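Chains as they are written, first to last, in this note's numbering: chain S, 1 to 134; chain D, 1 to 303.
Quick notes on the structure that follows.
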Amino acid sequence: MSVLRVEVVAAEGIAWEGDALSVIARTTEGDIGVLPNHEPMLASLLPCAAEVLTTDGNREVVVLDGGFISVADNRVSLLSPGARIAAEIDLKAAEHELVAAEKRLNAGEIDDETRHHFLRAQAQVKAARMAQGH
Amino acid sequence: MGASLRELRQRRKSVTATKKITRAMELIASSRVLKAQQQAAKALPYTRELNRAVSAVATYSQLDHPLTRPVSNPRRVAVLFITSDRGMNGAYSSNVLKTVSQMRQRLDEQGIEMVRYGVGRKGIAYMTYRGLELAAHWSGFSDLPTYDRAVEISDRLLEDFLKPYEEGGVDEIWTVYTRMQSMLTQTPRARRILPLEVVEGVREVSGEELLPLYEFEPSPEAVLDSLLPLYVRSRIWFYLLQSAASQLASQQKAMKSATDNAQTLIERLTREANQARQSEITQEISEIVGGASALADLTKDDH
């Protein structure tokens, strides 16, 4: 059976790499799941908590702040400047950030930056919760 | 005589103290240059993946994007130069600044205006001292850059690039950075960042490797749109990392030669001090001998 070779690449280094059975991430068009032998694809990502189901049965959660996913020859690269694995995230701090981002958004600052910020905070909280519940 | 001996010893003491400092700085720089090199190496996969993606989009779609559109006759060119925050690293900063002024000369000849963007206190001080205006400057991270700083710089540059010329926009963006070739050689380089030169299908993707036929989501244009700013940021990030490593390497080199110079100076001063001491002793002895024989002559005469 073929497996996916997954690389989560952040600007400051590789955040996670390993073999996986599936990858779920959120593109600008909606959530996508990638299984082995997926056709070559390049898609823009939204800030999200991506899930990687590893070959040893673990679920690895990574937080991405945008970037893109590329799939080719069973190689999946999740490229995101500030990618981090969920276990490294401080849930409290992330929740704080989410509240602050929500406030700014509600205050009417609806531009790309605040929206991006909000989505990123949301993704962090989600990922941190998923990692703790695991 | 006694005064010169004391002076020599004092100088030797002060040079020894200086040597201790330069030696310590050399050791610190050599441990940090390793770290900087590791940081640069860790950032490589990101650059590589981005290059591959940009090449892929470039190969399979009609490239016409504001960031890649060449300007036939540029009128205003932005130059971002990366220098250090502190001195004690030999000619590192002045080499960069020399390259900048060479560029300026060339641009002047072509009648192109140059706008400066500075990184690092040394370069900023150099420009302000000469009354040369900087459009923007950043400092405080020259030996330890972070990606956030790269984002800050590239966002500012992109903003000015996308502005129309009449509102102060620039037609091209160049960077002058220092490339880390080895621990011994670091060379200042000028590279164009914008408009991007996307060499289709090649560039750090190895020759035999054929790029697969990608499916783009939502569309090649949209992917390119989100890709190119990331690409610019990663370029600047790469240049900052290279410059940081070069800066530390050049500091190590400068401090090593300072330590070596201090060592030869100490040896010379020690020799001179010994000579002075010896001649002092010789003089004292001859004075004593002279005095004693004079005394002996005197007593002989008495009897």
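From the three backbone atoms N, C-alpha and C, an ideal C-beta is built for every residue, glycine too.
Quick caveat, the model's predicted, so the values are computed rather than measured.
Query: contact_flag[the stretch 92–103 of chain D, the stretch 132–139 of chain D] where n(CB pairs < 8 angstroms) is 3 or more; Result: no
Query: Chain S within 8 angstroms of phenylalanine 216/D, Cβ atoms only; Result: yes
Query: Three-state secondary structure assigned by DSSP to alanine 107/S; Result: coil
Query: Under the three-state DSSP convention, the category arginine 86/D falls into; Result: coil
Query: Buried or exposed (CB count within 10 angstroms, at least 16 for buried), tyrosine 129/D; Result: exposed
Query: Minimum Cβ-Cβ distance from alanine 244/D to chain S less than 8 angstroms; Result: no
Query: Top-ranked residue by Cα proximity to valine 176/D, from Ala53/D, Asp260/D, Ser182/D, Val79/D; Result: Val79/D
Query: Length of the line joining the Cα atoms of arginine 86/D and isoleucine 69/S; Result: 40 angstroms
Query: Residue closest to aspartate 160/D, alpha-carbon to alpha-carbon, out of Ala150/D, Ile173/D, Glu280/D; Result: Ile173/D
Query: Beta-carbon spacing of alanine 56/D, leucine 42/S below 8 angstroms; Result: yes
Query: C-beta atoms of valine 119/D and serine 93/D nearer than 8 angstroms; Result: no
Query: Sequence-distant residues of its chain with Cβ nearer than 7 angstroms to glutamine 132/S (five each side left out); Result: Leu91
Query: Proximity to proline 188/D [Cα-Cα], best of Leu240/D, Lys19/D, Pro66/D; Result: Leu240/D
Query: Neighbour-count burial assignment, lysine 300/D, 16 or more Cβ in a 10 Å radius; Result: exposed
Query: Any chain S beta carbon closer than 8 angstroms to glutamate 49/D; Result: yes
Query: Under the three-state DSSP convention, the category glutamine 181/D falls into; Result: coil
Query: Straight-line Cα distance separating isoleucine 82/D from arginine 121/D; Result: 10 angstroms
Query: Continuous beta strand (DSSP E) stretch holding glutamine 102/D: start and end; Result: First-last for glutamine 102/D: 92–109, but that is the alpha helix (DSSP H), not the beta strand (DSSP E).
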